[in-house]
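Residue numbers (my numbering): 1 to 161.
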């Protein structure tokens with residue numbers, strides 16, 4: 001038989017149960033964002049460089065974080081489509097802290113071949129002519145305490161270069 005007093009045994013068991021319960025509670029409360037960040041728009045789109053065949057666009061992607069916790073932006077992968085053709089890709093790894101319950105902007109760069117737009121449309125658009133309908137489709141990768149999630153991006157807008 002055991003010579004351990006019953007009170008000591010119950011105290012040790014309760015202590016271990018409390019520690020395990022507390023640990024489980026902490027993990028369940030801080031493991032993942034409640035809601036996904038929302039893509040709002042691309043802002044301040046400018047042509048930062050034009051060479052014979054290639055144009056480089058700079059822009060700020062605006063998002064809203066509806067969570068009560070700040071999260072980290074790890075990656076942006078977005079296809080840029082014009083007339084249902086992929087003309088460029090944004091593929092950037094980053095370490096960007098996203099504030100809680102706030103709007104935030106992420107600076108992005110994308111290069112694309114002007115010929116992919118069609119020669120005439122490309123020249124007119126880059127020189128500031130008619131607006132171009134642009135479709136952004138891809139994802140951003142966000143993280144909170146080691147939990148990583150891909151958030152889809154699917155947005156269309158008319159832009160002037």
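For every residue, glycine included, the Cβ atom is placed at its ideal position computed from N, Cα and C.
These numbers come from a predicted model, not from an experiment.
Item	Value
Return the chain-ordered list of same chain residues with a C-beta closer than 6 Å to the C-beta of residue 69, the five sequence neighbours on each side being excluded.	100
Indicate whether residue 53 and residue 134 have their beta-carbon atoms separated by less than 9 Å.	no
In this structure, how does DSSP classify residue 60 when only helix, strand and coil are distinguished?	strand
Applying the 10 Å Cβ sphere with the 16-neighbour rule, what's the burial state of residue 19?	exposed
In the segment 72 to 150, which residue ranges form an unbroken beta strand (DSSP E) of at least 3 residues, counting only runs that do not cross its ends?	85 to 98, 102 to 113, 132 to 144
Given a threshold of 16 other Cβ atoms within 10 Å of its Cβ, counted over all protein chains shown, does residue 112 qualify as buried or as exposed?	buried
Within a Cβ cutoff of 7 Å, which residues of the same chain sit near residue 139, ignoring the five residues on either side of it in sequence?	77, 150, 151, 152, 153
For residue 88, count neighbouring C-beta atoms within 10 Å of its own C-beta (all shown protein chains included) and say buried if the count is 16 or more, exposed if not.	buried
Smallest Cα separation from residue 141: which of 85, 63, 48?	63
Identify which residue in 50, 84, 61 has its Cα closest to the Cα of residue 75.	61
What residue does the beta strand (DSSP E) around residue 49 start on, and which one ends it?	38 to 50
Excluding sequence positions up to five away, which residues of its chain have a Cβ less than 6 Å from the Cβ of residue 38?	64
Helix, strand or coil for residue 16, going by three-state DSSP, please let me know.	helix
Quick check on this structure: which residue in 41, 156, 36 has the alpha carbon closest to the alpha carbon of residue 98?	36
From residue 145 to residue 90, what does the alpha carbon distance come to, in whole angstroms?	26 Å
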